[in-house]
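Residue numbers (the numbering used here): 205 to 761.
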RNA sequence: GCGCCCGUAGCUCAGUGGAUAGAGCGUUAGGUUGCGGACCUAAAGGUCGUGGGUUCGAGUCCCGCCGGGCGCACCA
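Next comes the structure, spelled out in structure tokens:
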């Protein structure tokens, strides 16, 4: 479409490079006010300076060209039929475009022909599919997932779903620490409770620790007794046990990981060593005060960063660079890290190290998920895994349900801090927008069932139903076909709220349609059949958007 | 002190440089002898924290200030 507009730019500059630049800069959008047409472009205003002509003049020239061209094509001569039926100028120089009426019908028929593919988009011509690694949650297995982990889980999973829908190949990955200080503390805490002692100041005090202490299997207990390091044996057993619990909690959310990568394996499999070797060969390392440093300041960092401490132990940063090496070795084009906002301090150093290792930092993206303040009875709930004062993810889902929770997080940008009032979420259960969308879907299905019971089948083609573009039918149709745009936007910008907006708007449009248009109507069987096809397409599109969100699309409620 | 994020309707939040800044909830007034009333229609409600700047055009980009959150370890 950009090309179509640019080629219509009669007074285009001779300079080919300038023209390319112009084409890239053209923005096309759906105008807020539907009386302005189907799409609008700002090309005239953008190019005004370059062409040294007034925006309104340029827009008028393009509109005339496009209209003439559309006319020619429609009237036969040229073989292909363009998408644009008309163009006009408005305001300071907006170019408003109207699509050929038949185009909408074509789209709807395509939905009915291939319902399973609807919502999947192909970006191959513009943007080849990528092999993408999305790492998220990655909470250490020292306790069950809490509501604090919820947002990252939903954000990461939804992003993965959207990228898949846009044609990318996605690996969902969970990174966890199965050795070191935290696991030792867990082991000490479990042992203390088993022996009837008090948990130390730095230990874990949640109820689950006591449950673990009571559930140590005989063989593990025996191994611990024989081992010189009982804390290590018990700690590892406990953390693996907890990790399994985390996996099943995530399954309740509808989130499944392809890869569980332990931090320890980055050492035992030599990845950290290989990463260090790469840095060394580029002369990015320095031994100082007995420690090994990465010269991060060469990349604009405030200070150099320690990889290996003077004690010989590695830092988290050491693991991080080993992990970068390991991930890229698997052939990913792009790495996405979904991190809590509190990790922002480590973003620069990891990307700098990656660059020093010879990777492009543009291929690494850290998506920082903002904090959620959980509020109950007007009070912020402070949570600490060590102190044992927290609400688990499982408990949250029991209270408000997966669909509500998914919608809540999906409809908000990951970068804004949000308040989550649990009492309010519960109280608003039946008023939650997610039910509005689901209800609309159930109602669509109900209509289709009723029609079937009365022996009216959907038409094989939508035909002329949408020719009157002001009709309730056409209004609904225009919403239905917008899903691919919402998916593409979300995949391009890595912002997924648009999907919930789409679902809400489609549900709203359907409610209005439902009010104005009778679908199952034996007195006008022809129109009734066409409308059934429209309703079926609406159901397909709404269900596809809900599936993308990981939310159920019920047949009845 | 330095860095990053945030500030939009009573509340919770969308708004990807474009036209009259939107949605849900809440408030107010209405609506069904039709396919699901978990619905629909309408109204009220805004100094987009604030002051400058860039631009034909700024909630959006830049700078300052105010307010809030987070981070600034040879911790994990």
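Every residue, glycine too, gets a C-beta built ideally from N, C-alpha and C.
Candidates the options, of which the one nearest residue i by Cα
| i | options | result |
| --- | --- | --- |
| residue 743 | 487, 320, 289, 442 | 320 |
| residue 336 | 684, 538, 677 | 538 |
| residue 625 | 603, 361, 316, 489 | 603 |
| residue 299 | 325, 346, 234, 324 | 234 |
| residue 145 | 309, 351, 512 | Because the chain is modelled from 205 through 761, residue 145 falls outside the range shown and cannot be assessed. |
| residue 598 | 450, 502, 614, 527 | 450 |
| residue 571 | 590, 361, 452, 417 | 361 |
| residue 249 | 686, 240, 295 | 295 |
| residue 652 | 670, 735, 635 | 735 |
| residue 739 | 726, 695, 750, 713 | 713 |
| residue 589 | 364, 267, 407, 401 | 407 |
Rounded C-alpha distance that separates residue i from residue j
| i | j | result |
| --- | --- | --- |
| residue 272 | residue 688 | 29 Å |
| residue 211 | residue 728 | In this predicted model, residue 211 has a pLDDT of only 48, less than 50, meaning its place in the structure is not dependable; the value taken from the coordinates is given anyway. Near 45 Å, if we compare the C-alpha coordinates of residue 728 and residue 211. |
| residue 205 | residue 555 | Since pLDDT at residue 205 reaches only 47, below the 50 mark, its modelled position is unreliable, and no value is offered. |
| residue 531 | residue 580 | 40 Å |
| residue 279 | residue 290 | Because residue 279 carries a pLDDT of 49, less than 50, the predicted location of this residue cannot be relied on, and the following value inherits that uncertainty. Those two C-alpha atoms are separated by around 14 Å. |
| residue 682 | residue 705 | 15 Å |
| residue 699 | residue 618 | 8 Å |
| residue 746 | residue 422 | 53 Å |
| residue 373 | residue 692 | 15 Å |
| residue 247 | residue 303 | 18 Å |
| residue 318 | residue 640 | 26 Å |
| residue 322 | residue 548 | 37 Å |
| residue 611 | residue 512 | 43 Å |
| residue 375 | residue 251 | 42 Å |
| residue 730 | residue 664 | 11 Å |
| residue 763 | residue 661 | Missing from the structure shown is residue 763; the chain here goes from 205 to 761 and no further. |
| residue 523 | residue 446 | 22 Å |
| residue 379 | residue 354 | 16 Å |
| residue 412 | residue 591 | 12 Å |
| residue 650 | residue 576 | 38 Å |
| residue 345 | residue 244 | 51 Å |
| residue 676 | residue 718 | 9 Å |
| residue 516 | residue 482 | 19 Å |
| residue 288 | residue 307 | 9 Å |
| residue 569 | residue 673 | 43 Å |
| residue 525 | residue 490 | 16 Å |
| residue 560 | residue 615 | 38 Å |
| residue 784 | residue 505 | The structure shown does not extend to residue 784, since the chain is modelled only from 205 through 761, so no value can be given for it. |
| residue 332 | residue 462 | 23 Å |
| residue 518 | residue 508 | 15 Å |
Distance CB(residue i)-CB(residue j) smaller than 9 Å
| i | j | result |
| --- | --- | --- |
| residue 297 | residue 260 | yes |
| residue 737 | residue 312 | yes |
| residue 594 | residue 567 | no |
| residue 500 | residue 557 | yes |
| residue 684 | residue 741 | yes |
| residue 370 | residue 398 | no |
| residue 410 | residue 347 | yes |
| residue 496 | residue 349 | no |
| residue 716 | residue 658 | no |
Residue burial classification, residue i (beta-carbon count within 10 angstroms, cutoff 16)
| i | result |
| --- | --- |
| residue 282 | Residue confidence for residue 282 is low, a pLDDT of 40 falling below 50, so the modelled location carries little weight and cannot support an answer. |
| residue 492 | exposed |
| residue 443 | buried |
| residue 638 | buried |
| residue 711 | buried |
| residue 753 | buried |
| residue 377 | buried |
| residue 472 | exposed |
| residue 301 | buried |
| residue 529 | buried |
| residue 564 | exposed |
Can at least three beta-carbon pairs, one atom from the region 378-396 and one from the region 435-448, be found at a separation below 8 Å? yes
Taking 8 Å as the cut-off, does the region 376-383 touch the region 460-469 (at least 3 CB pairs, one atom from each stretch)? yes
Can you confirm whether the region 599-614 touches the region 714-726 when touching is taken to mean that 3 or more C-beta pairs between the two stretches lie within less than 8 Å? no
For the structure I just gave you, are there three or more beta carbon pairs, one from the region 749-758 and one from the region 633-648, closer than 8 Å? yes
Specify whether the region 541-560 and the region 338-350 touch according to this definition: at least 3 beta carbon pairs, one from each stretch, less than 8 Å apart. yes
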